[in-house]
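Residue numbers (our numbering): 11 to 507.
Every residue gets a Cβ at the ideal spot worked out from N, C-alpha and C, and that includes glycine.
Just so we're clear, the structure is a prediction, and the values are computed from it rather than from any experiment.
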């Protein structure tokens with residue numbers, strides 16, 4: 011699809027709607043409110059007071075690539091044919107003035123006349139993430155040619171739809187990481203396990219593979235473990251556009267089975283399947299889905315017989331339940347109905363039961379760590395609240411939080427993630443019209459949370475105890491704003507001053 015179609019159709023005649031002699035528009039992209047993000051995920055008892063920016067610089071890079079490949083590299087004849095074809099199946103039309111502008115853009119400028127500034131650009135300079143308070147812009151953008159002021163808002167739809175999935179999922183994964191760090195500091199000797207403690211299983215549940223790339227990158231901003239291969243590949247290609255991101259290993263996974271593998275081995279030969287898999291993979295982490303039939307039979311009948319083989323492996327053997335309540339699997343099930351038959355491992359919980367077979371050691375904080383050759387991953391019905399309860403239960407049981415790994419499904423990266431989660435919006439706050447500098451603002455009656463910033467904006471960066479944050483100055487005059495820009499950016503808009 012050609013780039014000029016990637017907008018809201020109502021924007022096609024906005025060029026004519028702006029006042030005559032408009033030459034410059036300045037906009038900001040801002041997460042206006044954290045309220046819904048906080049309420050929907052119920053991350054903690056404390057209100058979320060900051061987030062981080064993820065994927066904004068990358069998104070601008072993709073914007074310019076999209077216009078390069080899907081507009082500037084096409085012939086003008088190809089573009090006109092696309093526009094004419096659209097007329098045959100819709101009443102949406104480009105005005106003659108817009109067609110003239112697009113032709114000038116294509117034939118004369120040959121690049122998108124837009125410039126921008128992001129918080130992530132500064133993060134790369136200072137080699138640190140920057141804490142962002144509510145209603146703080148994460149990006150500023152403006153036109154660099156007076157004829158194309160209208161492009162600033164024309165590209166809004168594309169920009170916002172590309173930015174919000176990454177930054178929102180990135181902050182979901184950040185909250186999971188904070189949770190892992192909290193219980194690691196309480197129950198573990200170090201944090202070496204945290205990069206792998208939450209593993210991305212979400213791809214199949216995200217709306218399209220393209221969408222899964224975006225949310226998967228958000229996950230990778232805080233964790234290494236991921237089965238979302240497209241997002242790992244995309245992050246590798248564009249890793250230089252992710253601010254302070256210098257990790258060499260971008261994503262890792264393990265040898266792992268699925269139910270088709272286990273069921274193909276047949277129920278009556280399940281133990282043989284386990285033996286075969288252990289022989290097939292003598293090295294590395296091997297994760298086996300263990301409840302194709304009965305996980306408690308696996309724990310109580312198979313594991314004791316497989317113990318020597320598991321101990322002899324050069325790597326960890328991981329039990330993966332894919333059903334039942336994960337908290338109950340850890341804590342054990344209390345027998346309420348005397349007529350209900352429960353397995354011993356079902357009553358005791360899988361961590362304690364595995365401990366009876368493989369043993370544990372005690373760390374310096376007094377918490378138990380299972381034998382390094384055996385582990386558990388919980389990947390069904392995991393959300394923040396459930397993970398929190400499991401960490402609390404492990405602490406109560408006297409086990410380190412590092413004894414479990416979690417699989418994060420699409421529930422966390424799509425169920426309630428949306429543009430409104432962080433109230434992501436782009437608003438124009440300054441215009442030059444008939445050579446007059448105008449500070450403009452959206453200020454809806456009784457909707458203060460939708461009130462936009464006013465005028466031109468600059469960032470102020472603050473370092474306190476090696477933690478960076480940002481404040482802004484808005485309402486700037488053109489010349490005050492000019493002083494905040496680099497020479498590289500000023501040279502593109504010298505006509506403005």
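| Item | Value |
| --- | --- |
| Own chain residues within Cβ distance below 7 Å of residue 215, not counting five before or after | 419, 420 and 424 |
| Distance between beta carbons of residue 112 and residue 149, contact taken as under 8 Å | Wrong, their Cβ atoms sit about 25 Å apart, outside the cutoff. |
| Span of the beta strand (DSSP E), counted from its first residue to its last, around residue 219 | Premise fails: residue 219 lies in the alpha helix (DSSP H), 219-230, not in any beta strand (DSSP E). |
| Cβ contact (3+ pairs, closer than 8 Å) linking the stretch 162-182 and the stretch 481-488 | no |
| Chain-order list of residues whose beta-carbon lies under 8 Å from that of residue 502 (same chain, five-residue window excluded) | 125 and 154 |
| First through last residue of the alpha helix (DSSP H) which encompasses residue 286 | 280-290 |
| Inter-residue Cα distance where the pair is residue 190 and residue 207 | 7 Å |
| Cβ neighbours of residue 133 in the same chain (closer than 7 Å, five flanking residues each side left out) | 139, 140, 253 and 254 |
| C-alpha gap between residue 263 and residue 467, whole angstroms | 43 Å |
| Near the ligand MG: residue 424 beta-carbon under 7 Å from a heavy atom | Looking at this structure, you won't find the ligand MG or any other ligand, since it has none at all. |
| Segment limits, alpha helix (DSSP H) that includes residue 48 | 45-51 |
| Beta strand (DSSP E) runs contained entirely in the stretch 74-155, provided each spans 3 or more residues | 124-128 and 149-153 |
| Supposed close pair residue 413, residue 361 - CB separation, criterion 8 Å | 6 Å |
| Boundaries (first-last residue) of the alpha helix (DSSP H) holding residue 438 | No alpha helix (DSSP H) contains residue 438, which is instead part of the beta strand (DSSP E) from 434-443. |
| Ranges of the beta strand (DSSP E) found wholly within the stretch 370-448, counting only runs of at least 3 | 370-372, 378-380, 384-388, 414-418 and 434-443 |
| Cβ-based burial, residue 232 [other Cβ within 10 Å; buried from 16] | buried |
| CB contact flag (residue 130, residue 63, <8 Å) | yes |
| N-terminal and C-terminal residue of the alpha helix (DSSP H) that residue 162 is part of | 161-164 |
| Distance CB(residue 39)-CB(residue 436) smaller than 8 Å | yes |
| Sub-8 Å separation of residue 72 and residue 172 beta-carbons | yes |
| Contiguous beta strand (DSSP E) assignments of at least 3 residues, all confined to the stretch 240-281 | none |
| Validate contact between the stretch 186-203 and the stretch 395-411 using beta carbons, cut 8 Å, 3 pairs | yes |
| Secondary structure of residue 350, DSSP reduced to three states | coil |
| Cβ pair residue 332, residue 299 closer than 8 Å | yes |
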